[in-house]
Amino acid sequence: MRGLLRLTAPLPRFLLRPTRATPLTRCASKSNASRPKMASGGDDGEGKRPQFGGRLLTDPRNVFEHNAWDNVVWDEEQEEAARLQVERNSRVSISEEKIEEYERRAAHYWDAFYTVHSNRFFKDRHWLFTEFPELGRDGDDNDDYPGCRATRRILEVGCGAGNTVFPILRADADPALFVYACDFSAAAVSLVRAHADYGAATCHAFVVDVAAGDDPTFPFPDASLDVVACVFVLSAIDPQRAPAAVARLARLLRPGGRLLVRDYGRYDMAQLRFPPGRRIADNFYARGDGTRCYFFSPDDMKALLGGAGLVEESCHVDRRLQVNRGRRLKMYRVWIQCKYRKL
Ligand SMILES: C[S@@+](CC[C@H](N)C(=O)[O-])C[C@H]1O[C@@H](n2cnc3c(N)ncnc32)[C@H](O)[C@@H]1O
Numbered sequence: 067m068r069g070l071l072r073l074t075a076p077l078p079r080f081l082l083r084p085t086r087a088t089p090l091t092r093c094a095s096k097s098n099a100s101r102p103k104m105a106s107g108g109d110d111g112e113g114k115r116p117q118f119g120g121r122l123l124t125d126p127r128n129v130f131e132h133n134a135w136d137n138v139v140w141d142e143e144q145e146e147a148a149r150l151q152v153e154r155n156s157r158v159s160i161s162e163e164k165i166e167e168y169e170r171r172a173a174h175y176w177d178a179f180y181t182v183h184s185n186r187f188f189k190d191r192h193w194l195f196t197e198f199p200e201l202g203r204d205g206d207d208n209d210d211y212p213g214c215r216a217t218r219r220i221l222e223v224g225c226g227a228g229n230t231v232f233p234i235l236r237a238d239a240d241p242a243l244f245v246y247a248c249d250f251s252a253a254a255v256s257l258v259r260a261h262a263d264y265g266a267a268t269c270h271a272f273v274v275d276v277a278a279g280d281d282p283t284f285p286f287p288d289a290s291l292d293v294v295a296c297v298f299v300l301s302a303i304d305p306q307r308a309p310a311a312v313a314r315l316a317r318l319l320r321p322g323g324r325l326l327v328r329d330y331g332r333y334d335m336a337q338l339r340f341p342p343g344r345r346i347a348d349n350f351y352a353r354g355d356g357t358r359c360y361f362f363s364p365d366d367m368k369a370l371l372g373g374a375g376l377v378e379e380s381c382h383v384d385r386r387l388q389v390n391r392g393r394r395l396k397m398y399r400v401w402i403q404c405k406y407r408k409l
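Just so you know, we're using the working numbering here: the sequence shown kicks off at 67 and counts up by one.
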């Protein structure tokens, strides 16, 4: 590889002059004058070094005090000389046949390269995290929130006492998983926080009204969740407010993330049992304790979730006959279950 980089024509004289820093000033050193040796880190010269942009050569007499200088300014003479040099070395091209072979056998040549150099040629890129902090643990601008280190994040909306959250946590001890649980009931959130399986390393419960008119805030950034689970919660939200709430939840999902819903379906036994006088709007009722319940048709769900820009993966009605053999009761339950994906 080093042989490939040997220049075939002598360098223009000024390139060898240490009067100002240039990308090739290292060629001026004695041992390197005839062969531009690579800096550690291979042919990109990217060995260990301080962050780019911080080392400026202000006095040309100091040029050899460091291995490299940043933001070197080329004057017109240098630019022109470089252009001529390229013109010179471009006069004769490789034959078409050879060009085709280099393309066809590109992997072969790299294979041969690594067979010769093994892992001794390129050096570890120690500068990675100074130049691209995004690659590191502390790199994300938004990285200071509960669960930010996790690689899989699930939010349960309307978590209640934690009857969905804790089974998820118990089923999956993956340290990369983090579960958020929210509810607009502070009492519910307290129950979750007081649960024996609650721990700040794996779970964060917080109070939020997802249907609040003023865009509710969440303790994590938009597009950061893999899954949002809505288990019997959309039915508790005023159907007029539900579209804005679902749109807000969709924004929390990362592309490819999923919104999972299980809820009451149209004509579920619970709907049929409401006595007259409990109706708020079509298919929307108030229970005796003041909590409310909507009963969804598949079309309702499609409009609600699709309206938030999510794409349907499944939407089906689960009709079940439950039997109380002791009391010889038949209960026709209707639930609706949906999986929608964010593009
Ligand atoms: C039927 S419970 C379901 C609890 C839980 N998801 C489960 O699987 O057991 C409905 C929950 O939704 C919550 N909820 C209703 N409207 C809400 C809203 N706008 N924002 C947040 N939580 C809400 C209620 O406080 C209640 O805890």
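By construction, the Cβ of each residue, glycine as well, lies at the ideal position given by its N, Cα and C atoms. Being a predicted model, the structure only gives us computed values, none of them experimental.
Can you tell me where the beta strand (DSSP E) holding residue i begins and where it ends?
i: Gln403; result: 395 to 407
i: Leu387; result: 377 to 390
Can you name the residues that DSSP bridges to residue i?
i: Tyr351; result: Arg345, Cys359
i: Tyr330; result: Trp401
i: Cys248; result: Val223, Phe272
i: Cys214; result: None, per the DSSP bridge assignment.
i: Leu291; result: Leu319
i: Val297; result: Arg328
i: Leu243; result: Arg218
Tell me, to the nearest whole angstrom, how far the beta carbon of residue i is from that of residue j; I am working on the premise that it is less than 8 Å.
i: Arg228; j: Val258; result: For the sequence presented, residue 228 should be read as Gly rather than Arg. Indeed, because the Cβ distance is near 4 Å, the residues count as touching under 8 Å.
i: Leu376; j: Leu325; result: 6 Å
i: Arg314; j: Asp281; result: 7 Å
i: Gln403; j: Arg328; result: 5 Å
i: Val400; j: Asp334; result: 4 Å
i: His340; j: Ser301; result: Note that residue 340 corresponds to Phe in the displayed sequence, not to His. Wrong, their Cβ atoms sit about 13 Å apart, outside the cutoff.
i: Gly373; j: Pro305; result: Their Cβ separation, rounded to whole angstroms, is 12 Å, which puts Gly373 and Pro305 out of contact at 8 Å.
i: Lys368; j: Cys359; result: About 20 Å separates the two Cβ atoms, so there is no contact after all.
i: Arg218; j: Asp292; result: 5 Å
i: Gly279; j: Phe244; result: Not quite, the Cβ-Cβ distance comes to about 29 Å (not below 8 Å), so this is no contact.
How is the alpha helix (DSSP H) around residue i delimited, first residue to last?
i: Ala262; result: It is not in any alpha helix (DSSP H) - Ala262 carries neither H nor E in the DSSP assignment.
i: Asp365; result: 364 to 372
i: Ala277; result: Counting along the chain, Ala277 falls outside any alpha helix (DSSP H), and DSSP gives it neither H nor E.
i: Arg170; result: 162 to 170
i: Ser233; result: Before going further, note that residue 233 is Pro rather than Ser in the sequence given. Per DSSP, Pro233 belongs to the alpha helix (DSSP H) from 231 to 237.
i: Arg186; result: Neither: Arg186 is in no alpha helix (DSSP H) and is coded neither H nor E.
i: Val152; result: 142 to 155
i: Leu338; result: 335 to 338
Below 7 Å CB to CB, which residues in the same chain sit around residue i once its five sequence neighbours on both sides are set aside?
i: Arg236; result: Asp263
i: Gly226; result: Asp249, Ala254
i: Ala247; result: Glu222, Cys225, Gly228, Val231, Val258, Cys269, Ala271
i: Glu379; result: Lys405, Tyr406, Arg407
i: Ala311; result: Val276, Ala277, Ile303
i: Asp210; result: none
i: Thr74; result: Residue placement at Thr74 cannot be trusted, given a pLDDT of 33 that sits under 50; what the coordinates show is reported in the next sentence. For Thr74, where only same-chain residues beyond five positions count, the Cβ hits under 7 Å are Asn155.
i: Val299; result: Val223, Gly224
i: Thr357; result: Ala302
Who are the near neighbours of residue i in its chain, counting only those whose CB is closer than 8 Å to its CB and skipping five residues on each side?
i: Lys96; result: Reliability fails at Lys96, whose pLDDT of 32 lies under 50, so the model's placement of it is uncertain and the value that follows must be treated cautiously. Cβ within range, chain order: n/a, list empty.
i: Lys408; result: Ala316, Leu319, Arg320, Pro321, Gly322, Gly323, Arg324, Leu325, Gly375, Leu376, Val377
i: Ala252; result: Val273
i: Val158; result: none
i: Thr88; result: Because the pLDDT at Thr88 is just 35, under 50, the model does not fix this residue reliably, and the point stays unresolved.
i: Arg394; result: none
i: Glu412; result: Shown here, the chain extends from 67 to 409; a query on residue 412 therefore has no answer.
i: Thr283; result: Val274
i: Tyr330; result: Phe298, Ser301, Ala336, Gln337, Cys359, Tyr360, Phe361, Phe362, Val400, Trp401, Ile402
Spatial neighbours of residue i within its chain, please: CB distance less than 6 Å, with the 5 preceding and 5 following residues excluded, ordered by chain position.
i: Val297; result: Thr230, Arg328
i: Lys337; result: The sequence given here places Gln at residue 337; Lys does not occur at that position. Once the five neighbours on either side are set aside, the close Cβ partners of Gln337 are Phe361.
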